[in-house]
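The numbering of the sequence shown is our numbering, which starts it at 544 and goes up by one.
Note that beta-carbon positions come from the ideal geometry of N, C-alpha and C, so glycine has one too.
Here's the structure we're looking at; comments come further down.
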Amino acid sequence: MRTIGIDVSKATLDVALRNEEGTLAKEERIKNSATALRSLLRKWRKQGLCDTTTLVCLEPTGQYSHGVVKTLLTGQPTWMAHATDIRLSIGMQRGKSDRVDARRIAEYAQRFGDKARLLQHSCLDFTELKTLLALRERLVKERGKDRAQIKDNVLYMTGGAKQLVKAELERQLKAPGALDRQPGESHQGHREQGS
544 MRTIGIDVSK ATLDVALRNE EGTLAKEERI KNSATALRSL LRKWRKQGLC DTTTLVCLEP
604 TGQYSHGVVK TLLTGQPTWM AHATDIRLSI GMQRGKSDRV DARRIAEYAQ RFGDKARLLQ
664 HSCLDFTELK TLLALRERLV KERGKDRAQI KDNVLYMTGG AKQLVKAELE RQLKAPGALD
724 RQPGESHQGH REQGS
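And the structure:
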């Protein structure tokens, strides 16, 4: 079975391809973008090095791997293997680089491909929802900090400016904002109905 191992970082992807004999057939470093990954896979397919059944394996790296997975699910069986499982299966190894990691991931996929849990498109929807909810939570916390800081600043103002700023802050704090609503609620406070 041919396998591809991808080591994902913020800016680049190190990609290693192993052939059926278990030897390294190709490896490349490309930009971490959907266009670059599609282009590389297209090139390797034209060269007969891989096809749409070639198993692709990568470690979950949060937001950096999300775009990679989204691209891969349009045409490749994709497996997100945990870094600990890969490390334990290969044993203690000296020397580490992204290129070496890509090779190890491809080797792991080849050795344990029969146990692969392939990703589905629904996984992407769930991941995107988790990301959006985490962002919302962070924004709500930041808003609370900003409100407290602004209130503290008002304490040191004097005269008419203090009254104007205080009145505006009170108005804004009383007005329901987008972050006050729960996901799925409309502006009137009712849950939106799905169609």
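| Item | Value |
| --- | --- |
| Continuous alpha helix (DSSP H) stretch holding ALA649: start and end | 641 to 655 |
| Three or more C-beta pairs below 8 Å linking the segment 577 to 589 and the segment 682 to 701 | no |
| Backbone CA spacing between THR621 and LEU675 [nearest angstrom] | 23 Å |
| Reference MET623; option with closest CA among SER576, ARG572 and LEU598 | LEU598 |
| Sequence-distant residues of its chain with Cβ nearer than 7 Å to MET700 (five each side left out) | VAL708 |
| Three-way DSSP call (helix, strand, coil) for LEU583 in this model | helix |
| Closest residue to LEU661 among LEU560, SER632 and GLN619 (Cα-Cα distance) | GLN619 |
| Same chain, Cβ closer than 7 Å to LYS569, neighbours up to 5 away in sequence not counted | LEU560, TRP587 and LEU592 |
| ALA649 and THR546 closer than 7 Å at C-beta | yes |
| Coil, strand or helix - LYS709 by DSSP | helix |
| Endpoints, the beta strand (DSSP E) within which ASP557 is located | 555 to 561 |
| Integer-rounded CB distance, given that THR614 should sit under 8 Å from VAL551 | Not really, about 12 Å apart at Cβ, beyond 8 Å. |
| Bridge-paired residues (DSSP) for ASP550 | ASP557 |
| Coil, strand or helix - GLU680 by DSSP | helix |
| Span separating the alpha-carbon of ILE629 from that of TYR651 | 6 Å |
| CA-to-CA distance, GLN653 to GLY548, given in whole angstroms | 9 Å |
| Distance between ILE693 and THR555 (C-alpha atoms, nearest Å) | 41 Å |
| Per DSSP, the bridge partner or partners of VAL599 | ILE547 and THR621 |
| Where the beta strand (DSSP E) containing ALA568 begins and where it ends | 567 to 574 |
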